[in-house]
Amino acid sequence: MNDQIMRYFADFAVPADVVAYVGRPIGHHIGGKTLEAASEQIDVIEPYTQARLTGLASGGRSEVNAAVQEARNALAGPWGEMLPLERQKLILKLAEAVERDKNFLAHLETISVGKSISDARSIDVFGSVANLEYFAGWTSKLDGRTTTAVSLPGNPLVYTVKEPVGVVAAIVPWNYPLQTLVWKLAAALACGCTVVCKPSELTPLSAMRLAALAQEVGFPDGVFNVVNGYGHTVGQELAAHPGVDKLSFTGSTVVGTSVGKTALDTMKRLTLELGGKSPVIVTERADLDKAARAIIAGIFSNSGQVCDAGSRVYAQKDVYAKLLGKLRSIAEDLVIGPGLDPAAQITPLVSAAHRSRVLDHIASAHSEGAVLVTGEAKAEQARADGILRPTIFGDCSEGMRIFREEIFGPVLGVTSFETLDEAVDKANSSVYGLAAAVYSDSVEETVSLSRRLKAGNIYINAHGLLDPTMPFGGMRASGFGKDMGPEQLDSYLSTKSIYVQVDA
Ligand code: NDP
């Protein structure tokens, strides 16, 4: 690590054990062993200084084969034989270890993603613990069903049993690396599956630490493996591997579509959590102060790098100008700074390449006629700290890229509508269907709109609420299948129907 990065860590008193950990080359975690990187092939960059943190092993077919084999061996071995209540204890121990190491893990997320350390603690790590605790309780409740045959003579005994689906490949993105992985891991472990994870090569730190914690608390070798490397190599190998029974993918719609097709060649079970372009409807019966605060949090948290970010706002004509003014003043008050600063609310984007993609969207909003309310002017160029100011455009329309495409950065588009029917039509006009939000103090309006909006998650007078009891996932181009909630469990289980002919 260079002087710049060490100064950054010193300025924010990063604990010595974190500094030592993030500077080490990163290998893989396969079969219960943390393997050294054979050769450092991929640079891991810290987003604020944009300096090299360490090197990451670039895995390929042989590492994927080894990890899948270890995962299969674990299924056939002690893990497969373990009683549900023993699995529950282990998952709870992992939750305790994550809770114990929350400061360490939050630092890993901030240092690799660039995100706010305060959010890393209160959202990423807190959410991961909650999810592990919740799913631990499910291990003992995965019942089949005994029923009465209605068309068979002789009253046979008929019942179903639930079995783990097998080896799960978890391919996860860079915006919430720990939490997205835990969304998959917790349910998979509760159901008795084994897991091979491929983190984003931009943000591999927390997955490796989580694997080490799983080892420490006593998970058998091979239950949880991590293979590092690129999507087109490691990710592709996992999607195609005949020894993988289920693929749970979170990422972009483009990659998810292609990965999903590959997975179907070997008839894998499939969950695809993909992108979004979530609409936000503000009616004239909304409390505008509350709405504005929640809308700002819903688009600018994690600097806009959130799949269900409310990125296109439809405000009823009479409140449009007033709302825009409130949005502008709250956005301009957000604290901008490095992720390690606990006060910072807008922090660096994950990489320089991603920042230039977001800037390209901003340039296109300018050239397509959207009106800049606050934020980045057209000429904004690369900055040393990787940060983009929160940016709001007014007078947007459905034809503009800013209203059609997922930007995944701190950019909000706003427009107006006259009738609720018009608002619903416009909100539903996107190819995506991950989330939608409604702001109104009228129960009739909120209930009616929540029924008419086409999205997997509907927020009323709020944005981005998450709870392990509630399934999260989209429809249409936002994918299918759910993470979290009891609904997630069935996708990690196979149901077997058993008929017993009883002669007596
Ligand atoms: P990508 O789709 O680019 O990548 C997601 C993961 O897939 C990464 O680990 C990536 O590896 C891997 N990957 C890339 N190419 C392939 C391939 N050919 N075969 C297999 N795996 C591959 O998404 P991002 O990482 O850029 O994440 C942002 C996207 O994730 C946004 O679209 C966002 O909406 C979505 N997302 C969705 C969520 C949801 O729950 N619906 C939640 C969070 C994010 P590598 O990094 O090496 O390319």
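If you use the numbering used here, the sequence shown closes out at 1597, no skipped numbers anywhere.
We put the CB at the ideal spot given by N, CA and C, even for glycine.
Limits of the beta strand (DSSP E) - the one that residue i falls within
i	result
Gly1487	1484-1487
His1459	Looking at the DSSP string, His1459 is not in any beta strand (DSSP E); the run it does join, the alpha helix (DSSP H), is 1445-1460.
Asn1318	1317-1319
Tyr1592	1586-1593
Tyr1532	1528-1532
Val1399	Unbroken run through Val1399: none, as it is neither H nor E.
Leu1128	1126-1128
Thr1241	1239-1241
Ala1150	1144-1150
Gly1506	1504-1510
Lys1575	Note, Lys1575: premise wrong, no beta strand (DSSP E); not H, not E.
Pro1257	1250-1257
Whether residue i touches residue j by CB criterion (9 Å)
i	j	result
Asn1554	Ala1402	no
Gly1506	Val1412	no
Leu1288	Gly1153	According to the sequence provided, residue 1288 is Val. The question's Leu does not apply to it. Contact: no.
Pro1257	Leu1176	no
Ile1374	Leu1542	yes
Ala1213	His1200	yes
Val1536	Arg1569	no
Val1400	Glu1377	Val is not the amino acid found at residue 1400; the sequence shown has Cys there. The answer is no: Cβ separation not under 9 Å.
Gly1125	Glu1163	yes
Ala1437	Ser1215	no
Val1137	Leu1295	yes
Ile1429	Ile1480	yes
Asn1166	Gly1315	yes
Ala1408	Phe1496	no
Lys1255	Lys1575	no
Gly1220	Leu1559	yes
Thr1467	Pro1483	yes
Gly1285	Gly1173	yes
Top-ranked residue by Cα proximity to residue i, from the options
i	options	result
Phe1105	Glu1179, Pro1431, Phe1496, Met1493	Pro1431
Pro1372	Val1288, Leu1558, Val1243, Asp1518	Asp1518
Asp1338	Ala1281, Ile1374, Ser1351	Ala1281
Ser1460	Leu1527, Leu1178, Phe1486	Phe1486
Val1111	Met1094, Asp1426, Gly1124	Met1094
His1325	Ala1307, Gly1349, Glu1309	Gly1349
His1121	Asp1136, Gly1526, Glu1156	Glu1156
Val1261	Ile1480, Leu1363, Ala1242, Ala1408	Leu1363
Ala1319	Val1251, Ile1439, Ile1264, Gly1311	What sits at residue 1319 in the sequence shown is Val, not Ala. Out of Val1251, Ile1439, Ile1264, Gly1311, Ile1264 has the C-alpha closest to the C-alpha of Val1319.
Gln1134	Val1107, Gly1125, Asp1434, Ala1150	Ala1150
Ile1439	Asp1478, Lys1410, Ser1396, Gly1549	Ser1396
Asn1521	Ile1591, Gly1557, Gly1549	Gly1549
Thr1240	Gly1230, Val1251, Pro1246	Val1251
Asn1321	Gly1311, Pro1335, Ala1304, Lys1361	Ala1304
Gln1308	Lys1186, Glu1515, Ser1345	Lys1186
Thr1359	Val1347, Glu1330, Lys1370	Glu1330
Leu1427	Lys1415, Trp1267, Ser1394	Ser1394
Tyr1101	Leu1513, Asp1314, Ala1528, Asp1478	Asp1478
Ala1528	Gly1148, Cys1284, Phe1573, Asp1534	Phe1573
Ala1516	Ile1591, Ala1445, Glu1491, Ser1587	Glu1491
Gly1336	Val1593, Ala1160, Ser1509, Phe1496	Ala1160
Phe1312	Ala1283, Ala1458, Leu1452, Tyr1532	Ala1283
Lys1361	Thr1346, Ser1341, Ser1351	Ser1341
Tyr1592	Gly1247, Leu1381, Pro1483, Arg1545	Gly1247
His1556	Ala1332, Leu1235, Tyr1532	Tyr1532
Leu1582	Pro1270, Lys1195, Leu1278	Leu1278
Met1577	Ile1098, Lys1195, Gly1230	Gly1230
Tyr1552	Asp1534, Ala1530, Ser1571, Ser1293	Ala1530
Glu1192	Val1222, Ile1184, Pro1171, Gly1353	Val1222
Continuous alpha helix (DSSP H) stretch holding residue i: start and end
i	result
Leu1367	From DSSP, Leu1367 is part of no alpha helix (DSSP H); its letter is neither H nor E.
Thr1273	1270-1283
His1200	1195-1206
Assigned exposure category for residue i - 16 Cβ within 10 Å defines buried
i	result
Ser1584	buried
Ser1233	exposed
Ala1131	exposed
Asn1268	buried
Glu1538	buried
Ala1446	exposed
Gln1594	exposed
Val1451	buried
Asp1596	exposed
Val1540	exposed
C-beta neighbour in chain D for residue i, strict 9 Å
i	result
Arg1193	Protein chains in the displayed structure number just one, and chain D is not present.
Worksheet item: Using 8 Å as the threshold, is the region 1140-1155 in touch with the region 1200-1212, meaning 3 or more CB pairs across them?
Response: Cβ pair count under 8 Å is three or more, so yes.
Worksheet entry | Cβ pair count under 8 Å reaching 3, the region 1224-1232 against the region 1449-1466 | No: the two stretches stay apart, fewer than three of their Cβ pairs being nearer than 8 Å.
Worksheet entry | Segment contact flag, the region 1498-1505 with the region 1384-1397, C-beta cutoff 8 Å, min 3 pairs | At 8 Å Cβ cutoff, the stretches touch.
Discussion item. Quick test of the definition: if touching needs 3 or more C-beta pairs under 8 Å, does the region 1555-1569 touch the region 1420-1429?
Written reply: no
Discussion item. With three or more C-beta pairs closer than 8 Å as the rule, is the region 1299-1314 touching the region 1267-1282?
Written reply: Contact annotation: the region 1267-1282 touches the region 1299-1314, with at least three C-beta pairs closer than 8 Å.
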